[in-house]
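Colleague:
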Amino acid sequence: MIKFIRLFFLFIDFIFLLGFVAYSQQNKKKFKTCRAVIHRPDGNEIPFTMLVSTDNEKPVWIIRNAAEHIELKNIRRAGDTLIAIFPVFESQFHLSVKEKDVWKGFWYKGAVNGLNTQALSIFANQGFRFKQNPGKPNHIISGRWSVTFTRDNNTTRPAVAEFIQQGNKLTGTFLNPSGDYRYLEGIVSGDSLMLSTFDGSHAYSFRAVIDNDQQISGGLYCSGTAHKEKWSAFKNADAKLPADNSVLAIHENAEHLNFSFPDLEGKMVSITDSRFKNKVVIIQLMGSWCPNCMDETAYLSDFYVKNRSKGIEMIGLAYEYSTDRERSKKSVQKFRDRFDVKYPLLITGVTSGDSLRTEKTLPQLNKIESFPTTIFIDKSGKVRKIHTGFNGPATGAHYEEEKKSFNEYADALLNEK
Numbered sequence: 556m557i558k559f560i561r562l563f564f565l566f567i568d569f570i571f572l573l574g575f576v577a578y579s580q581q582n583k584k585k586f587k588t589c590r591a592v593i594h595r596p597d598g599n600e601i602p603f604t605m606l607v608s609t610d611n612e613k614p615v616w617i618i619r620n621a622a623e624h625i626e627l628k629n630i631r632r633a634g635d636t637l638i639a640i641f642p643v644f645e646s647q648f649h650l651s652v653k654e655k656d657v658w659k660g661f662w663y664k665g666a667v668n669g670l671n672t673q674a675l676s677i678f679a680n681q682g683f684r685f686k687q688n689p690g691k692p693n694h695i696i697s698g699r700w701s702v703t704f705t706r707d708n709n710t711t712r713p714a715v716a717e718f719i720q721q722g723n724k725l726t727g728t729f730l731n732p733s734g735d736y737r738y739l740e741g742i743v744s745g746d747s748l749m750l751s752t753f754d755g756s757h758a759y760s761f762r763a764v765i766d767n768d769q770q771i772s773g774g775l776y777c778s779g780t781a782h783k784e785k786w787s788a789f790k791n792a793d794a795k796l797p798a799d800n801s802v803l804a805i806h807e808n809a810e811h812l813n814f815s816f817p818d819l820e821g822k823m824v825s826i827t828d829s830r831f832k833n834k835v836v837i838i839q840l841m842g843s844w845c846p847n848c849m850d851e852t853a854y855l856s857d858f859y860v861k862n863r864s865k866g867i868e869m870i871g872l873a874y875e876y877s878t879d880r881e882r883s884k885k886s887v888q889k890f891r892d893r894f895d896v897k898y899p900l901l902i903t904g905v906t907s908g909d910s911l912r913t914e915k916t917l918p919q920l921n922k923i924e925s926f927p928t929t930i931f932i933d934k935s936g937k938v939r940k941i942h943t944g945f946n947g948p949a950t951g952a953h954y955e956e957e958k959k960s961f962n963e964y965a966d967a968l969l970n971e972k
């Protein structure tokens, strides 16, 4: 009991420390910047930034990655533990006060085999992400870079990096064939590059040595609990991703898709239903665990509301971590609510990692390689285009080009007689 009382008052002290001050006549909250760290078993850490305040005496936490702000409102107390639920993904924090200005606990994330668990600390008295006093940068690396990632088995994969550096501050992202690594934030200190992101699903950190304004070497990329890859890069204003030779396509002897899956209310929805006849139909292959799918869904939800009256229909096919329908329904429901999705989201009942996911759900296609994937169907029901990946808002001009291309192709199908 004495221990609980001590922890309770530490909790009150911490909340008071992070308490907000309302700006007069503007009703704005003042947030305290805190340093959060995911502790991997191999000793590599993934830091990120937390903005913490209160609203009507309730804690409000925001995860910040450069221009992205993810607000956590669903925070409750269970004994001496605070539990914070993410608005998207099967993701939550369990944290307790261990000493003044320090919370410790765990980040729980949904996975194929249940939950992944990683140790987590939040430091209220550390307002920096990597270093409190970074050294003067020796190089400016703003621009476009050709990147090579090297796996543990020495196979390589290409990517393109785009960085924006302002003094010590560094932001940017990496683009690959399936999308992008979303909003990265970090610093340049001396000859060192440090970047990270955390959104409730992605937990990435990047470190490297900047040899000069044209060359980066000795890079280490850490993802999640244990994944690691080496990386290097050279500056290249014309850097491009190679053509994908494993493009998803419909089989030569097939023109139409044929599927039926239940929506979140359990009602069967089929591509052959009358609501989809003589319409341009866009099929989204997605998962509620997928951050790039999150970016795409935010765009598609808005696009659908604006274009449904023109003859556009959409269907989302969800490939989840589990075949447990209730678990999948709960996760996809969060996704639907977060982005106010008006088109049907269907649960395929097949996991994203199932090697037979294509044969079990869309046997007319050759192979579903990655998520998200978007399928365009014309008014006659024929598959006309399949697009893999999505460049989200963190990619800047690439995002604008993604939207432009999407809009133009949808309009072209609508204008066909």
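Heads up: the sequence shown is residues 556 to 972, going by our numbering.
All C-beta atoms, glycine included, are put in the ideal place defined by N, C-alpha and C.
#1: Give the DSSP-derived three-state secondary structure of ALA967 in the structure shown.
#2: Enumerated in chain order, which unbroken segments of the beta strand (DSSP E) with a length of 3 residues or greater are wholly contained in the segment 577-622?
#3: Around the Cβ of HIS624, are there at least 16 other Cβ atoms within 10 angstroms (buried) or fewer (exposed)?
#4: Per DSSP, TRP786 forms a beta bridge with which residues?
#5: When the Cα atoms are used, what is the spatial distance from THR672 to SER864?
#6: Residues in its own chain within less than 8 Å of THR604 by CB, not counting five upstream and five downstream?
#7: Note down, in chain order, each residue of its chain lying with its Cβ closer than 8 Å to the Cβ of GLN581, except the 5 sequence neighbours on either side.
#8: Excluding five sequence neighbours on each side, which residues of the same chain lie with their C-beta closer than 6 Å to the C-beta of ASP746?
#9: Work out the CA separation of PRO689 and GLU645 for me, nearest whole Å.
#10: Counting only beta-carbon separations shorter than 9 Å, does TYR854 have a partner in chain B?
#11: One question on the structure: do LEU730 and THR950 come within less than 9 Å of each other, judged by their Cβ atoms?
#12: Helix or strand or just coil, what does DSSP make of ARG939?
#13: Candidates GLY947, LYS958, ASN970 and LEU969: which alpha carbon is nearest GLY727's?
#14: For the 8 Å Cβ check, are there 3 or more pairs between the segment 785-793 and the segment 921-928?
#15: Over what stretch of residues does the beta strand (DSSP E) that includes SER670 continue unbroken?
#16: Based on the DSSP secondary-structure assignment, which residues constitute the bridge partners of GLU654?
#17: Strictly by DSSP, which residues pair up with ARG699?
#18: Here's a check: name, in chain order, each residue in its chain whose Cβ is nearer than 7 Å to the Cβ of PHE678, leaving out the five neighbours to either side.
#19: Is the segment 776-792 touching the segment 695-714 in the sense that three or more CB pairs, one from each, lie closer than 8 Å?
#20: Just curious, the alpha helix (DSSP H) that VAL643 is in, first and last residue?
#21: Select from GLY634, ASN709, LYS691 and SER751 the residue whose C-alpha is nearest the C-alpha of GLY779.
#22: Are the CB atoms of TYR776 and SER760 within a distance shorter than 9 Å?
Modeller: Taking the coordinates as given:
#1: As a working note, residue 967 is residue 412 in the sequence shown. ALA967 falls in the helix class under three-state DSSP.
#2: 587-594, 600-610 and 613-620
#3: As a first step, residue 624 must be located in the sequence shown, where it is residue number 69. Label assigned to HIS624: exposed.
#4: For this step, residue 786 is matched to residue 231 along the sequence shown. In DSSP, TRP786 forms a bridge with PHE704 and GLY774.
#5: Indexing the sequence shown from 1 puts residue 672 at position 117. Indexing the sequence shown from 1 puts residue 864 at position 309. Rounded to the nearest angstrom, the two C-alpha atoms are 45 Å apart.
#6: Looking up residue 604 in the sequence shown gives position 49. For THR604, where only same-chain residues beyond five positions count, the Cβ hits under 8 Å are THR588, CYS589, ARG590, ALA591, ILE618, ARG619, ASN620, ARG684 and GLU740.
#7: As a working mapping, residue 581 is identified with position 26 in the sequence shown. Residue confidence is low: GLN581 scores 35 on pLDDT, short of 50, so the model does not pin down where it sits. Its coordinate-derived value is still stated next. So the list is empty, once near-sequence residues are dropped.
#8: Position 191 of the sequence shown, counting from 1, holds the residue named residue 746. Excluding positions up to five away in sequence, the list reads ASN693, VAL764 and ILE765.
#9: For the purposes of this step, residue 645 is taken as the residue at position 90 of the sequence shown. For the purposes of this step, residue 689 is taken as the residue at position 134 of the sequence shown. Computed Cα separation, rounded: 35 Å.
#10: Given the protein chain composition of this structure (a single chain), no chain B is represented.
#11: On the sequence shown, residue 730 is found 175 positions in, with the first residue counted as 1. On the sequence shown, residue 950 is found 395 positions in, with the first residue counted as 1. Against a cut-off of 9 Å, the Cβ pair of THR950 and LEU730 comes out as a contact.
#12: Residue 939 sits at position 384 when you count from the first residue of the sequence shown. Here ARG939 sits in strand by DSSP.
#13: Position 172 of the sequence shown, counting from 1, holds the residue named residue 727. Per the Cα distances, GLY947.
#14: no
#15: The count along the sequence shown starts at 1 and reaches residue 670 at position 115. The question names Ser, but residue 670 is Leu in the sequence shown. 669-678 is the span of the beta strand (DSSP E), which, as asked, contains LEU670.
#16: As a position in the sequence shown, residue 654 is number 99, starting the count at 1. GLU654 is bridged to VAL657.
#17: In the sequence shown, residue 699 corresponds to position 144, counting from 1. Paired residues: GLU717.
#18: By one-based count along the sequence shown, residue 678 stands at place 123. So the qualifying residues of the chain are CYS589, ARG590, ASP656 and VAL657.
#19: yes
#20: Taking the sequence shown and counting its residues from 1, one reaches residue 643 at position 88. No alpha helix (DSSP H) holds VAL643; DSSP gives it neither H nor E.
#21: Position 224 of the sequence shown, counting from 1, holds the residue named residue 779. When only C-alpha atoms are compared, the closest one is SER751.
#22: On the sequence shown, residue 760 is found 205 positions in, with the first residue counted as 1. On the sequence shown, residue 776 is found 221 positions in, with the first residue counted as 1. Yes, these two residues count as a Cβ contact at 9 Å.
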